[in-house]
Amino acid sequence: MEKLLVTRLENIVTRMENVLFKCDGSKTDKTDSPSAPSPEISVPKSIELLDEVMEDKIEQLCTLSTKIGGDVNLLKNLMKDALTEHRNFVWTACGLSRPEDVGITKLVESLSKKMCSTTEFKDNHRTSPFYDHICAVEAAVGGLGWVVQPKTPAPYFNEAVETSLFYINRILMAHKTSKNEHFEWAKTLKELLTELHAYIRKHHTTGLTWNSQPGTRPAKETSMVSSGGSSSIPPPPPPPPPSLSTNSVGAKDSGVAALLDSLNTGLSATSRLKKVTPDMQTHKNPSLRGDKVSSTNGKTGKSISQSEPLKNSPKILWDGKVWKIEHQVENRDVVVEVKDKKEAIYIYKCTDSVIMIKGKANTITLDGCTKTSVVFDGLLGQCEVINSKSIQVQTLGELPIISIQKTDGCHVYLSRAAIDTQIVSSKSSEMNVSAQLDDDNEEYTEMALPEQFVTRIENKKLMTSPTELA
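Spelled out as structure tokens, the structure:
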């Protein structure tokens, strides 16, 4: 009987093995068949529109960057990588519903790294002869963060465009006579940003469009898209060895014991104190009555006061009425956001810096600055430049009046909204004004302010006018 059962069980197992073998063979045939059709990647409509806007411009920029060479050629790859990640992100959004904040953070991680790489490149090449090119690209790449703006992506991207245009216009002005590859490079980048802004405003008005074509996946699949990947957070470090923790506890106990012993010494504790001699007493030595405690630097031998506060330290301070920006040196990333039109800006003794004022302020004053550029959205009152050298001022909106006093070198950029600006100058030299005079042309026309005047007495009155040479 037992032999019969064993035989039947063996037959059943054999039949099951045959069935499983046939199933596995059929799956292998299907997957290995050369005639099996490969899945085709369909390009979403949103990506087709994006490629129409950007593809040709990116290719032109890369070609011009290669011609320019130097740091611009190195920057080309960073810019292209960031734009590629931006395209992949938009493609991914076409096939997914908008995830939670944690999911969006995972999705945007790769794009964020590319944006940070561009910023690091700018910080490491501050002395580059192509620094304006680098700043223009860095500001433009920073605007790619519009993809995570929930309600107002177009205004967000437009702020980055305005920052980039500040440097683009400087390149256009520097090469407007030759119109070489630098001029074409800046012009192409400006056209790319303008068209991309129009694309965002038209197709992603209230935020990036998610799940427009359900089921689509980007051509470049990454681990960020899948939610089942393993976590990249490293495990916590192991605990310290028992010997180390024991020694630390023992050292702590011995320190407490030593402290208690020293407290229990009683009157004998004063035996270790040094005696104060008459020459060490302040009431007998007036020279020791100084309020400041100073220390000596061993290398230079100079006395350094410890109680004296540091002078000329960089400062950006809001005192309730005025923004005070003082002693900024080689800081090209100063940004002040104005929330009320009554707020004023005071910039004092800044050197080789670029200051962005976002929002419409009341007045702006530059005092004692050197090689400093200021760009702002607009003013209700005047912009005043006093006792400064090599200053650049650009308004993107209205500017009723600008006053230039005791300044050597001042270049003023006026937008179309500020074409009626009044310019008052005295005791100043090397003053130029660049304005957008033509409605159909975005370029600036440069004009020089007269510095030499001739005065005559006519009809018993003094009549002053610029000389013909001026």
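According to UniProt numbering, the stretch in the sequence shown is residues 1 to 470, in order.
Ideal Cβ placement from N, Cα and C applies to all residues, glycine included.
Between the CA atoms of residue j and residue i - distance to the nearest angstrom
| i | j | result |
| --- | --- | --- |
| residue 214 | residue 435 | 49 Å |
| residue 120 | residue 135 | 11 Å |
| residue 144 | residue 101 | 18 Å |
| residue 208 | residue 98 | 9 Å |
| residue 455 | residue 368 | 31 Å |
| residue 57 | residue 64 | 11 Å |
| residue 376 | residue 359 | 7 Å |
| residue 424 | residue 437 | 20 Å |
| residue 453 | residue 426 | 12 Å |
| residue 372 | residue 190 | 24 Å |
| residue 161 | residue 465 | 41 Å |
| residue 138 | residue 463 | 51 Å |
| residue 314 | residue 352 | 13 Å |
| residue 310 | residue 325 | Here residue 310 scores only 44 on pLDDT, less than 50, and its place in the model should not be relied on; the value that follows carries that caveat. So the alpha carbons of these two residues sit roughly 17 Å apart. |
| residue 205 | residue 192 | 19 Å |
| residue 281 | residue 409 | 59 Å |
| residue 415 | residue 122 | 27 Å |
| residue 450 | residue 127 | 33 Å |
| residue 147 | residue 157 | 9 Å |
| residue 183 | residue 398 | 27 Å |
| residue 337 | residue 459 | 53 Å |
| residue 370 | residue 43 | 52 Å |
| residue 332 | residue 103 | 34 Å |
| residue 233 | residue 335 | Per-residue confidence for residue 233 stands at a pLDDT of 37, beneath the threshold of 50, marking its modelled position as unreliable; the derived number appears in the next sentence. Distance between the alpha carbons of residue 233 and residue 335 is about 34 Å. |
| residue 402 | residue 203 | 40 Å |
Helix, strand or coil at residue i [DSSP, three-state]
| i | result |
| --- | --- |
| residue 95 | coil |
| residue 438 | coil |
| residue 51 | helix |
| residue 466 | strand |
| residue 403 | strand |
| residue 422 | strand |
| residue 453 | strand |
| residue 380 | coil |
| residue 108 | coil |
| residue 75 | helix |
| residue 64 | helix |
| residue 445 | strand |
| residue 458 | strand |
| residue 210 | coil |
| residue 330 | coil |
| residue 337 | strand |
Residues bridged to residue i (per DSSP)
| i | result |
| --- | --- |
| residue 375 | 356, 394 |
| residue 370 | 351, 389 |
| residue 408 | 389, 429 |
| residue 346 | 324, 365 |
| residue 131 | Bridge partners of residue 131: none, in fact. |
| residue 317 | 324 |
### Message
Would the segment 165 to 181 count as touching the segment 45 to 54 if we require 3 or more Cβ pairs under 8 Å?
### Response
The segment 165 to 181, when compared against the segment 45 to 54, does not touch it at the 8 Å Cβ threshold.
### Query
Taking three-plus beta-carbon pairs below 8 Å as touching, is the segment 311 to 326 in contact with the segment 343 to 355?
Segment contact: the segment 311 to 326 against the segment 343 to 355, three or more CB-CB distances shorter than 8 Å; contact assigned.
#### Entry: Whole alpha helix (DSSP H) elements within the segment 138 to 183, 4-residue minimum
Runs found: 153 to 174.
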